[in-house]
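Right, one structure below, let's go through it.
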Amino acid sequence: MSPTVILVTIACYFCLLFGISWVAGRKADNAGFFSGNKSSNWLLIAMSTIGAPISAVTFVSVPGMVQASGMSYMQMVLGFTVGQLIIAFVLIPLYYKMNLTSIYEYLNQRFGVSSYKTGAWFFFLSKSTGAAVRLFIVCSVLQLLVFAPMGLPFWLNAVLTCGVVYLCTFKGGVKSIVWTDLLKTTCLILSVVLCIVYILRSGVSLEGYGDSAMTRMFYFDDVNDGRYFWKQFLAGIFVLVATTGLDQDMMQRTLSCKNYKDSQKNIVVGALVQMVVIYLFLALGYLLYTYAIGQGMTDTAGHVLNESGEVLKGDDVFAFLATGNYFPLIVGILFVVGFIAAGNSAAGSALTALTTSFTIDILNRTIAKDGEAAVKKTRTWVHVGMAVLMAVLIYAVYLLNNESVINTVYKVASYTYGPLLGMFFFGILTKLQVRDKWVPIVCIIAPVLTLVLDMHSAEWFDGYTFSHERLILNALFTFVGMLLLAKSRKESK
Numbered sequence: 014m015s016p017t018v019i020l021v022t023i024a025c026y027f028c029l030l031f032g033i034s035w036v037a038g039r040k041a042d043n044a045g046f047f048s049g050n051k052s053s054n055w056l057l058i059a060m061s062t063i064g065a066p067i068s069a070v071t072f073v074s075v076p077g078m079v080q081a082s083g084m085s086y087m088q089m090v091l092g093f094t095v096g097q098l099i100i101a102f103v104l105i106p107l108y109y110k111m112n113l114t115s116i117y118e119y120l121n122q123r124f125g126v127s128s129y130k131t132g133a134w135f136f137f138l139s140k141s142t143g144a145a146v147r148l149f150i151v152c153s154v155l156q157l158l159v160f161a162p163m164g165l166p167f168w169l170n171a172v173l174t175c176g177v178v179y180l181c182t183f184k185g186g187v188k189s190i191v192w193t194d195l196l197k198t199t200c201l202i203l204s205v206v207l208c209i210v211y212i213l214r215s216g217v218s219l220e221g222y223g224d225s226a227m228t229r230m231f232y233f234d235d236v237n238d239g240r241y242f243w244k245q246f247l248a249g250i251f252v253l254v255a256t257t258g259l260d261q262d263m264m265q266r267t268l269s270c271k272n273y274k275d276s277q278k279n280i281v282v283g284a285l286v287q288m289v290v291i292y293l294f295l296a297l298g299y300l301l302y303t304y305a306i307g308q309g310m311t312d313t314a315g316h317v318l319n320e321s322g323e324v325l326k327g328d329d330v331f332a333f334l335a336t337g338n339y340f341p342l343i344v345g346i347l348f349v350v351g352f353i354a355a356g357n358s359a360a361g362s363a364l365t366a367l368t369t370s371f372t373i374d375i376l377n378r379t380i381a382k383d384g385e386a387a388v389k390k391t392r393t394w395v396h397v398g399m400a401v402l403m404a405v406l407i408y409a410v411y412l413l414n415n416e417s418v419i420n421t422v423y424k425v426a427s428y429t430y431g432p433l434l435g436m437f438f439f440g441i442l443t444k445l446q447v448r449d450k451w452v453p454i455v456c457i458i459a460p461v462l463t464l465v466l467d468m469h470s471a472e473w474f475d476g477y478t479f480s481h482e483r484l485i486l487n488a489l490f491t492f493v494g495m496l497l498l499a500k501s502r503k504e505s506k
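The numbering used here numbers the first residue of the sequence shown as 14 and each following residue consecutively.
Right, dumping it as structure tokens:
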């Protein structure tokens with residue numbers, strides 16, 4: 014595909030997206046921006062949220078994982094499904110009962126202002142870095158396919174990408190995101206399904222599919238292997254609860270449903286469909302690598318090589334084959350549309366959630382206290398600031414990137430979401446009060462202890478290495494720290 018064809022495809026998609034965003038958000042007030050006026054249809058939310066966690070990282074990294082890790086990612090996805098049920102039947106009723114706009118207001122009511130601000134700042138750190146890593150992959154592929162061939166620098170790529178995301182969300186916030194994400198989810202699912210169909214029509218065979226190492230799903234034989242089932246499954250549960258149930262981004266649209274029962278239906282339906290969609294991405298990865306092997310495009314280790322004989326990272330394989338004239342042009346167009354849809358979906362909702370949390374939780378701006386006009390002015394400037402920050406962080410990730418992006422996302426999440434997970438679990442599972450002013454210290458010490466154990470685990474634990482279970486360990490340290498801060502019955506009175 015030429016850069017011109019790719020640019021035309023992207024332009025057509027964004028024209029449609031801007032149109033939907035403008036129509037959906039043209040009359041949105043602050044309540045519409047922050048919570049969709051609590052009037053969203055649950056089925057619409059379910060369909061729109063399928064594409065939210067399936068970001069551009071998933072779109073390119075998951076197919077690229079099968080060469081090294083088979084389909085072991087599905088073990089984590091099974092954990093995701095259990096995590097969704099915990100969110101639906103434990104957290105959602107709690108959030109609705111307390112009538113929360115920002116979910117971190119729970120920490121204020123349960124423990125106090127220090128815990129509340131700590132939770133808000135950890136979300137800010139978690140979401141801004143996580144969103145930057147996710148949007149970085151969008152910029153990387155656009156750099157490869159469009160900006161580099163046109164001689165344009167990466168920083169301009171990052172600025173323009175964040176500018177587009179801002180324009181898609183500045184008007185209506187959640188009210189716009191619900192509808193634009195429905196379009197993005199539709200494009201994403203259609204693109205992966207049709208890519209599979211066209212690749213199969215190109216002559217790639219499914220013979221030997223079940224016997225291939227690339228389709229192996231379960232790993233029970235080596236506890237030291239990062240792909241070991243219980244590591245992946247348990248980590249999946251806690252990662253999902255932390256990065257969805259305790260994430261203002263993912264909860265904001267869910268809490269825009271009319272009541273908690275509608276919200277629960279949205280989560281359960283979305284979880285089941287999402288499992289199928291992720292499996293399709295892994296199956297697509299198998300087809301891509303099988304095609305490359307059949308065309309003699311791999312080395313002895315099974316890595317895909319480009320025209321210059323250089324080894325491609327797993328994250329680059331889908332983009333390279335889909336847009337490199339190896340398949341019909343329609344496959345390349347479908348890749349571009351699905352990829353841009355996935356990337357813009359995650360980034361748009363993240364930008365809205367960061368704006369909401371920073372305005373309400375950190376700046377302490379509320380309609381009841383400050384008035385509609387003052388809150389709108391504040392969140393407008395915060396929204397601009399978040400877009401600028403996102404562009405800066407993307408460029409920083411570009412300078413530092415050195416591994417599979419999906420692994421980077423989960424590694425960052427295990428350190429930044431751990432304290433949130435520990436605080437919420439402590440609040441829900443106990444009735445204890447804590448010495449609130451010391452909570453920030455606990456939430457700093459917990460990730461540091463996790464990092465120390467992670468760095469020395471192989472040395473101290475007979476070769477054992479941590480994977481995504483870092484998050485569980487981090488949350489446990491936070492939970493224990495909160496226990497140590499617990500007040501006596503006499504102090505609590």
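Backbone N, C-alpha and C fix where the C-beta goes; we use that ideal spot for every residue, glycine too.
What number of angstroms, rounded off, separates the C-alpha of residue i from the C-alpha of residue j?
i, j, result
"A24", "I353", "11 angstroms"
"S48", "F149", "The pLDDT assigned to S48 is 47, lower than 50, so where the model puts this residue is not dependable, and the model offers no usable value."
"M7", "F93", "Outside the displayed span of the chain (14 to 506) sits residue 7, for which this structure offers no information."
"S127", "A226", "50 angstroms"
"K424", "Y408", "19 angstroms"
"T142", "Q261", "14 angstroms"
"E472", "I485", "20 angstroms"
"L464", "I306", "39 angstroms"
"L91", "Q245", "9 angstroms"
"Y108", "V18", "46 angstroms"
"S115", "L259", "10 angstroms"
"L20", "K274", "43 angstroms"
"D449", "F124", "6 angstroms"
"M495", "V455", "7 angstroms"
"N338", "A161", "18 angstroms"
"Y179", "D224", "46 angstroms"
"G164", "V75", "29 angstroms"
"Y222", "T313", "20 angstroms"
"K444", "G283", "32 angstroms"
"L367", "A144", "10 angstroms"
"T267", "S139", "19 angstroms"
"F437", "T257", "13 angstroms"
Mapping the DSSP letters down to three states, classify residue i as helix, strand or coil.
i, result
"T311", "strand"
"V236", "coil"
"L120", "helix"
"P16", "helix"
"L318", "strand"
"V217", "coil"
"D374", "helix"
"P432", "helix"
"H469", "helix"
"T257", "helix"
Which partner residues does residue i have in the DSSP bridge list?
i, result
"A499", "V447"
"L486", "In DSSP, L486 forms no bridge with anything."
"C25", "C25 is not bridged to any residue."
"V324", "L318"
Output yes or no for whether 8 angstroms exceeds the beta carbon distance between residue i and residue j.
i, j, result
"I212", "F340", "yes"
"H481", "V254", "no"
"P432", "F135", "yes"
"C452", "L498", "In the sequence under discussion, the amino acid at residue 452 is Val, which differs from the Cys named in the question. Cβ distance < 8 angstroms, so V452 and L498 count as in contact."
"T365", "F348", "no"
"C152", "T131", "no"
"I250", "I100", "no"
"Q446", "F242", "no"
"G440", "T491", "no"
"F31", "C181", "yes"
"G96", "D328", "no"
"L203", "L29", "no"
"T22", "I346", "yes"
"L301", "V330", "yes"
"N237", "Y477", "yes"
"P8", "V154", "Residue coverage of the chain in this structure runs from 14 to 506, which leaves residue 8 outside it and unanswerable."
"V344", "Y26", "no"
"L157", "A332", "yes"
Counting contacts by CB-CB distance shorter than 8 angstroms, is residue i in contact with chain C?
i, result
"L442", "Annotation note: the requested chain C is absent from the structure, which comprises a single protein chain."
Open item on the list: Does the stretch 289-296 come into contact with the stretch 385-396, if we say contact requires no fewer than three beta-carbon pairs (one atom in each stretch) closer than 8 angstroms?
Closed with: No, the stretch 289-296 does not touch the stretch 385-396.
- [ ] Decide if the stretch 369-387 is in contact with the stretch 221-236; the criterion is three or more beta carbon pairs, one per stretch, under 8 angstroms apart.
- [x] At 8 angstroms Cβ cutoff, the stretches do not touch.
Task: Inter-stretch contact (C-beta, 8 angstroms, three-pair minimum) for the stretch 110-130 and the stretch 309-323 - done: Contact between the stretch 110-130 and the stretch 309-323 is absent, because fewer than three Cβ pairs lie under 8 angstroms.
Open item on the list: Measuring CB atoms only, is the stretch 398-406 touching the stretch 72-82, in the sense that at least three cross pairs come out at less than 8 angstroms?
Closed with: No, the stretch 398-406 is not in contact with the stretch 72-82.
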